[in-house]
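Visitor:
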Amino acid sequence: MTNLAGAPSVIAIDGSTAPGDGAGMPPVITIDGPTASGKGTVAARVARELGWHVLDSGALYRLTALSMEKRGIGVDDVAAVAAAARDLAVDFSGDRVWMDGDDVSVAIRQERIGALASRVAAMPPVRDALLARQRRFCRLPGLVADGRDMGTVVFPAARLKVFLIADVESRAQRRCKQLKAKGISANLPSLLEDMRARDARDRSREVAPLVAAADARTIDSSNLSVDETVNAVLDLWSSLGAQGGAAAR
Ligand code: C5P
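Residue numbering for the sequence shown follows numbering that gives the first Met the number 0, starting at 0 and increasing by one per position.
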């Protein structure tokens with residue numbers, strides 16, 4: 000099985016080089032931000048415009064949560080959770096994702112799984128288990144990576160780091176619409192409550208907290224359409240005179 004970047008699905012932890020912009024390294028654009036800020040949609044669109052690979056790092060934490068549920072692993076058993084993260088047998092293809100041969104594209108988007116993902120994401124051994132796997136997505140011609148710590152931990156040398164924010168009400172409404180469009184039942188007040196709890200947990204955890212990298216450019220998408228947000232990222236990339244960026248526009 001292969002992941003979207005064409006790398007093997009099950010990857011051993013094989014080192015901790017931080018790719019992203021060194022000589023000869025594929026270029027990387029990181030898009031970090033709170034839950035439902037539109038990172039995933041924007042990252043996929045930017046990657047398509049540039050003809051690059053995309054990494055949805057949140058999906059790996061969600062897959063870990065789903066794998067725990069399937070295997071009956073509790074949140075207290077950190078070693079077993081980390082082993083589940085390390086041993087994920089997953090296959091990304093377009094907007095679909097398979098785990099152990101099953102299409103889990105919808106299952107990983109459930110709020111219950113997102114909330115569990117946020118809890119396991121606070122465990123250092125789980126983050127370690129997923130680090131090398133994430134870095135293996137960095138391949139030519141380039142990578143757009145979205146998550147919470149793409150610019151701070153996973154790809155600290157990325158040439159362009161975007162921190163995408165939006166107010167919590169706009170984000171809850173967007174998430175509500177997205178879930179309903181996927182046929183998943185959603186309730187706005189409970190989404191808002193869950194999103195605030197998840198934001199707080201992501202921001203306050205000790206390892207790789209949600210924080211803008213010192214050299215990140217912040218985009219507030221509260222009043223921007225997806226197209227406008229995508230264009231804002233592409234404009235930033237072009238303004239860097241970055242290789243491949245200007246030509247792609
Ligand atoms: O982005 P998404 O909502 O799919 O991520 C699910 C959870 O995974 C987040 O709430 C966050 O706690 C965690 N996550 C993370 N680091 C990342 C991506 C996601 O901690 N790079």
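Cβ atoms here follow ideal geometry from the backbone N, Cα and C, with glycine treated the same way.
1. Check whether the segment 79-86 touches the segment 127-142, taking contact to mean three or more Cβ pairs, one atom from each stretch, closer than 8 Å.
2. At 4 residues or longer, what runs of the alpha helix (DSSP H) sit wholly inside the segment 96-167?
3. Where does residue 220 sit, in a helix, a strand or coil, going by DSSP?
4. Is any non-hydrogen atom of ligand 1 found closer than 7 Å to the C-beta of residue 182, if you look at the structure I gave you?
5. Following a CB-centred definition, is residue 197 positioned closer than 7 Å to any heavy atom of ligand 1?
6. Specify, as a first and last residue, the run of the alpha helix (DSSP H) that residue 201 falls within.
7. One question on the structure: do residue 27 and residue 137 come within less than 8 Å of each other, judged by their Cβ atoms?
8. For residue 151, count the other beta carbons within 10 Å of its own beta carbon; 16 or more makes it buried, fewer makes it exposed. Which is it?
9. Can you find a heavy atom of ligand 1 that lies under 7 Å from the Cβ of residue 228?
10. Is the beta carbon of residue 40 less than 8 Å from the beta carbon of residue 160?
11. Within 10 Å of its beta-carbon, does residue 225 have 16 or more other beta-carbons around it, so buried, or fewer, so exposed?
12. Ligand 1 and residue 34: does any heavy atom of the ligand fall closer than 7 Å to the residue's C-beta?
13. Under 8 Å, do residue 52 and residue 163 count as touching if we go by C-beta distance?
14. Below 6 Å CB to CB, which residues in the same chain sit around residue 148 once its five sequence neighbours on both sides are set aside?
15. Confirm, please, whether the CB-CB distance from residue 173 to residue 32 is below 8 Å.
16. With DSSP as the reference, label residue 239 as helix, strand or coil.
17. Measuring from the CB of residue 98, is there a heavy atom of ligand 1 at a distance below 7 Å?
18. Any idea what DSSP makes of residue 234, helix, strand or coil?
19. Using the C-alpha atoms, what's the distance from residue 44 back to residue 229?
20. Going by DSSP, what residues sit across from residue 90 in a beta bridge?
Guide: To lay it out plainly:
1. yes
2. 110-119 and 123-134
3. coil
4. no
5. yes
6. 187-203
7. yes
8. buried
9. no
10. no
11. exposed
12. yes
13. no
14. 207
15. no
16. coil
17. no
18. helix
19. 7 Å
20. 97
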